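Enquirer: Please read through the structure below; I'll follow up with questions.
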Amino acid sequence: MRSFGRLIHNEFVKLFARPTTYIMLILIPVITFGLGAVMKLALAQNASYAPSPEDQMQWRIEDLTAQIAEGTETGGDDLYIFQDQAASPAYTPQQELDILQYARTNNIDPTSWKMAALYDSLTPAAWEAAAEPGSADADKYDRLVQSLYNAIRSDDYMQYLTAWRDALNEAPEMLDADTLAQEKEELQLRIDNRLEPYYMGFFSYGEEEPWTETMLSQISSGRSQLQSGMGENGALTEAEKENLEKDIAIAIHRLETGNAPLSQASMYGFLSQASMLVSMISLFIIIIGATMMASEYSSGTIKLLLISPHKRWKLFAAKMVSLFLMGLAMLVLLFGSALLTGGILFGFEGAGPYLSYSGGQVTETPYALMAAFRYLLACPEVLVMTSLAVMLAVIMRRSAVAIGVGTALLFGGSMISMILMMLPYDFKRFILFLNTDLSMYFPQLSTGQFMNTGMETLPASGMTVQFSLAVLAVYFICFTYIALDSFNRRDIKQA
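The working numbering puts the first residue of the sequence shown at 18, with every later residue one more than the last.
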């Protein structure tokens with residue numbers, strides 16, 4: 018065992034004798050900090066370029082004023098709502114202008130619940146205008162309007178929520194059946210959890226949407242899809258239904274407990290995003306592994322190794338272990354750099370618990386543990402990349418060729434896998450690069466929740482964590498066996 022330890026130590030001595038090793042180790046924190054700086058700058062620019070809610074409300078006032086002056090009738094957000102094949106009354110540009118002027122006169126925040134109440138009042142106001150003057154219906158709708166204004170004057174959002182709920186119960190004809198059901202469900206969630214509403218019509222896109230609104234939208238959208246059985250890409254599969262149920266359960270749990278989801282502009286948010294740099298670690302491992310093995314052949318030192326009393330498999334194992342330990346060290350360095358960068362740029366505040374859903378129950382786990390787990394998920398990938406790098410180097414004996422082929426497989430294989438994901442072929446599940454990103458089984462730890470590129474990897478049907486680990490194990494055994502067999506059998510006279 019001591020002799021094997023000395024072999025590993027010898028490999029590390031040779032690794033750190035190369036300037037490229039130090040360059041790669043320095044590049045990890047530098048690139049990590051650069052990524053954080055770019056994200057910080059992008060967030061700041063979005064906020065600075067986005068029009069404020071006050072500006073957006075002013076533009077709306079000017080637009081409505083112009084419509085009224087020109088005599089056009091294209092006022093409300095939805096001028097006609099078709100219900101049972103009949104057009105329901107819709108509010109006019111003048112009615113919308115009146116509530117905006119009321120908001121301006123009373124210094125109402127354009128994104129506050131009061132603005133939401135004002136816009137809600139337009140629905141019964143439109144029905145009142147369409148009713149016979151002085152009729153019972155007209156009085157009913159007028160009473161509903163006044164109940165919303167009373168909540169605004171009382172500065173009580175709970176009064177507004179109950180008033181709007183009572184209005185929908187008293188006059189359900191104001192909304193179509195599907196919208197009415199969703200609105201009532203959302204209102205009840207707000208009332209039960211005392212969630213103050215926001216009006217999103219004037220919300221600045223340079224700021225993060227209030228997380229409570231995001232969760233409510235997720236619940237409403239998810240339940241609507243489950244009810245209809247249709248998703249964005251057609252009929253829902255069983256896996257998609259289970260995923261929607263999980264998202265809904267987690268969203269409801271967040272609203273009930275007040276546990277906000279992870280923010281992009283936070284230390285742990287950046288830590289999650291920086292995990293995309295794990296592919297950089299894989300690239301570095303391919304470069305180091307190819308250089309480590311190929312240089313032994315090109316410099317002729319392989320002859321000195323093989324005439325030593327150590328068996329070939331021990332020499333090979335020492336190189337594999339040292340290379341894998343270097344990969345782990347780089348992962349730790351990446352984690353530390355991301356944690357420090359996130360804290361410096363976004364603050365060292367903590368994060369709420371990580372929520373998972375299993376067996377109909379939502380469980381909480383400290384996010385710090387899950388963040389570390391996110392980087393540990395990269396260990397199988399590093400191990401497989403280590404075996405791939407060594408195999409290429411042993412077979413090709415030239416570092417440039419091994420690095421070129423390894424890099425092409427790393428990035429080209431990922432792109433090909435993404436294309437195959439769209440095709441209905443079952444064999445795609447067994448492709449190496451479709452199984453390396455184990456974070457796809459933990460969506461809240463994935464970078465895709467922040468990047469919103471639509472390019473994030475999703476598990477194919479029939480894929481599980483255990484399946485991906487088994488596939489990676491098979492590839493690791495195959496790569497290692499090929500490399501070891503070649504290393505043991507190959508004649509080194511020409512080396």
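From the three backbone atoms N, C-alpha and C, an ideal C-beta is built for every residue, glycine too.
Fair warning: this is a prediction, and the values are worked out from it, not measured in the lab.
1) Cα separation between residue 372 and residue 403?
2) Can you check whether the CB of residue 350 is closer than 8 Å to the CB of residue 46?
3) Look up residue 247 in the DSSP assignment and say whether it is helix, strand or coil.
4) Helix, strand or coil for residue 280 per DSSP?
5) Give a yes or no on whether the C-beta atoms belonging to residue 215 and residue 133 are separated by under 8 Å.
6) Tell me, please, whether the region 487 to 502 touches the region 408 to 426 by the rule of three or more beta-carbon pairs shorter than 8 Å.
7) Helix, strand or coil for residue 215 per DSSP?
8) With a Cβ-Cβ cutoff of 8 Å, do residue 267 and residue 384 count as a contact?
9) Just tell me which of 258, 28 and 448 has its CA closest to the CA of residue 492.
10) What separation, rounded to the nearest whole angstrom, lies between the Cα atoms of residue 101 and residue 203?
11) Relative to the C-alpha of residue 212, which candidate in 273, 235, 254 and 182 has its C-alpha closest?
12) Going by alpha carbons, who is nearest to residue 488 out of 478, 453 and 502?
13) Evaluate the contact criterion for the region 283 to 301 versus the region 377 to 393: three or more CB pairs, one atom per stretch, below 8 Å.
14) Hey, out of 269, 218, 298 and 226, whose CA is closest to residue 240's CA?
15) Ignoring anything shorter than 4 residues, give me the alpha helix (DSSP H) runs that lie fully in the region 306 to 388, in order along the chain.
16) How many angstroms separate the CA atom of residue 180 from the CA atom of residue 220?
17) So for residue 252, helix, strand or coil by DSSP?
18) For the alpha helix (DSSP H) containing residue 156, list its first residue and its last residue.
19) Just to confirm my understanding: we take residue 141, look at its own chain, exclude 5 residues before and 5 after, and list those with CB closer than 7 Å. What are they?
20) State buried or exposed for residue 144, treating a residue as buried only when at least 16 other CB atoms are found within 10 Å of its CB.
21) Can the beta-carbon of residue 41 be found less than 8 Å from the beta-carbon of residue 428?
22) Does the beta-carbon of residue 37 have 16 or more other beta-carbons within 10 angstroms, so that it is buried, or is it exposed?
Expert: Looking at the atomic coordinates:
1) Using only the alpha carbons, I get a separation of about 33 Å.
2) Going by beta carbons, residue 46 and residue 350 fall inside the 8 Å limit.
3) Secondary structure of residue 247 (DSSP, three-state): strand.
4) In the three-state scheme derived from DSSP, where H, G and I count as helix and E and B as strand, residue 280 is classed as coil.
5) Yes, these two residues count as a Cβ contact at 8 Å.
6) Contact between the region 487 to 502 and the region 408 to 426 is present, because at least three Cβ pairs lie under 8 Å.
7) DSSP places residue 215 in coil when its eight states are reduced to three.
8) Between residue 267 and residue 384, the C-beta spacing is not below 8 Å.
9) Its Cα nearest to that of residue 492, the residue 448 stands out among 258, 28 and 448.
10) Caution is warranted here: a pLDDT of 40 is assigned to residue 101, below 50, making its placement in the model unreliable, and the coordinate value is therefore given only provisionally. Those two C-alpha atoms are separated by around 23 Å.
11) Checked all of 273, 235, 254 and 182; the closest Cα to residue 212 is 273.
12) Of 478, 453 and 502, the residue nearest in Cα terms is 453.
13) Yes, the region 283 to 301 is in contact with the region 377 to 393.
14) If you compare the alpha carbons of 269, 218, 298 and 226 with that of residue 240, the shortest gap goes to 269.
15) Segments of the alpha helix (DSSP H) lying fully in the region 306 to 388: 318 to 323 and 329 to 363.
16) For the pair residue 180 and residue 220, the Cα-to-Cα distance works out to about 24 Å.
17) Note: residue 252 maps to strand in three-state DSSP.
18) Note, residue 156: alpha helix (DSSP H), 153 to 171.
19) 158, 161, 162, 184, 188 and 191.
20) Residue 144 should be labelled buried.
21) Taking 8 Å as the Cβ cut-off, residue 41 and residue 428 do not qualify as a contacting pair.
22) Exposed.
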